[in-house]
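Start counting the sequence shown at 3; every next residue gets the next number (this note's numbering).
Note that the Cβ used here is the ideal one computed from N, Cα and C, for glycine as well.
Just so you know, these numbers come straight off a predicted model, no measurement behind them.
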Amino acid sequence: MTDAASLATALGLPGLRGATLTEVDAAAALQHRTDRKYLLPLEAAHLFVDRLADSHRVLDLAGRRTTNYLSTYFDTPQLGAWRAHIQRRRHRWKVRTRLYAEDGLCRAEVKTKDGRGATVKHALTIPAPAYGQLDAPAAEFVDDVLRHAGIPVQAAALSPAAEIRYVRAALADLHHGTRVTLDGILTCHRGDRTAGLDPGHVLVETKGGLRPAPADRLLLRLGARPVSLSKYIVGQSLLTPGLPDNDVRHLARTHFRTDRQPVTAPHLERTHAA
Numbered sequence: 003m004t005d006a007a008s009l010a011t012a013l014g015l016p017g018l019r020g021a022t023l024t025e026v027d028a029a030a031a032l033q034h035r036t037d038r039k040y041l042l043p044l045e046a047a048h049l050f051v052d053r054l055a056d057s058h059r060v061l062d063l064a065g066r067r068t069t070n071y072l073s074t075y076f077d078t079p080q081l082g083a084w085r086a087h088i089q090r091r092r093h094r095w096k097v098r099t100r101l102y103a104e105d106g107l108c109r110a111e112v113k114t115k116d117g118r119g120a121t122v123k124h125a126l127t128i129p130a131p132a133y134g135q136l137d138a139p140a141a142e143f144v145d146d147v148l149r150h151a152g153i154p155v156q157a158a159a160l161s162p163a164a165e166i167r168y169v170r171a172a173l174a175d176l177h178h179g180t181r182v183t184l185d186g187i188l189t190c191h192r193g194d195r196t197a198g199l200d201p202g203h204v205l206v207e208t209k210g211g212l213r214p215a216p217a218d219r220l221l222l223r224l225g226a227r228p229v230s231l232s233k234y235i236v237g238q239s240l241l242t243p244g245l246p247d248n249d250v251r252h253l254a255r256t257h258f259r260t261d262r263q264p265v266t267a268p269h270l271e272r273t274h275a276a
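Here is the structure:
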């Protein structure tokens, strides 16, 4: 699997009814949600999408049914966000800037966990050239969110720690207000090293309430089981020398390959110039 068009075809996205971004946001914005993740072979993912056709619509952006995502994650020099996740601390957090490449849209985002373990996401739209950094408005936003979440970390202590790139398709159940995302062509980058998800698999995430959604029940019937897998945590676990061994690394090694190569992203300059 080498490009977004091939991924869309392999997943069977052309056969789904489309929905606009406005429709998806109105029904399933879900900034406060429970995420469940699954690793699926492409063939099983295609079957999964096909069986969702009656209840779910695919996000369609002027005929485009996938989007290239680039996410730069920020962490402390001691990798506080990574360690909080690995140690399963109650107050886990992630800070990132995310670029939707084709649309030139960029956001600063902070994700935390509430008292019941649900994910709470806060986002601030920022200029596309600010991708990969925390400028003054983004830093103020990050400080405010983390302070209200009771997390004693400030933006001034954070620096870029890893970049994650992937192609995403988003499906929405407009009736139940839940979403499903499918991420393929997924790579994690740190310095001159990269780790990539096996191209024969996709990462499926369901985003809904505390109870499993119909999509979760369908995944169970297809033999899939939830996995604890964060893209950023995987990237750090595989690419940073000297980190303690952990369950995430054991899982990732069965589905990711690691290489050393120059990291370039020339399409970022074209997006910014647009």
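Around the CB of Glu111, 16 or more other CB atoms lie within 10 Å, so the residue is classed as buried.
If you look at Asp185, you'll find it in the beta strand (DSSP E) that goes 180 to 192. Annotation: the continuous alpha helix (DSSP H) that includes Ala6 extends over 6 to 13.
In the three-state DSSP reduction, Pro216 falls in the helix class (H, G or I). Under the Cβ criterion (8 angstroms, minimum of three pairs), the segment 175 to 192 counts as touching the segment 207 to 224. One alpha carbon belongs to Arg251, the other to His87, and they sit about 13 angstroms apart. In terms of Cα proximity to Asp116, the closest of Pro131, Val51, Thr36 is Thr36.
Per DSSP, reduced to three states, the secondary structure at Leu148 is helical.
CA-to-CA, the gap between Arg19 and Glu104 works out to about 21 angstroms. Val51 carries a helical assignment under DSSP once its states are collapsed to helix, strand and coil. Listed in chain order, the non-local C-beta contacts of Ala6 below 6 angstroms within the same chain comprise Thr68, Val169, local neighbours out to five positions each way being set aside. Take the alpha-carbon of Ala159 and the one of Tyr133: they are about 18 angstroms apart. A buried status is given to Arg38, since no fewer than 16 other beta-carbon atoms sit within 10 Å of its beta-carbon.
Taken through DSSP and simplified to helix, strand or coil, Thr24 comes out as helix. Here the alpha carbon of Ala141 sits roughly 14 angstroms from the alpha carbon of His150. The Cβ atoms of Thr127 and Arg109 sit closer than 8 angstroms to each other. Gly106 has no beta-bridge partner at all, per DSSP. Only residues of its own chain outside the window of five on either side were considered, and among them Asp77, Ile235, Gln238 have a CB closer than 7 angstroms to the CB of Trp84, listed in chain order. If you draw a straight line from the Cα of His93 to the Cα of Thr114, it is about 7 angstroms long. According to the DSSP assignment, Asp77 belongs to the beta strand (DSSP E) that extends over 69 to 77. Judged by DSSP secondary structure, Ile128 falls within the beta strand (DSSP E) whose first and last residues are 121 to 128. With contacts defined as CB atoms closer than 8 angstroms, Ala226 and Leu13 fail to qualify as a contacting pair.
Just measuring C-alpha positions, the residue of Arg100, His257, Gly198, Leu221 sitting nearest Asp52 is Leu221. His177 carries a coil assignment under DSSP once its states are collapsed to helix, strand and coil. The beta carbons of Arg192 and Thr242 sit closer together than 8 angstroms.
Assigned with DSSP and collapsed to three states, Gly134 falls in coil, not helix or strand.
Taken through DSSP and simplified to helix, strand or coil, Pro139 comes out as helix.
Taking each of Thr183, Leu240, Gly202 in turn and checking the Cα distance to Leu61, the smallest one comes out for Thr183.
Arg90 is bridged by DSSP to nothing; it lacks a bridge partner.
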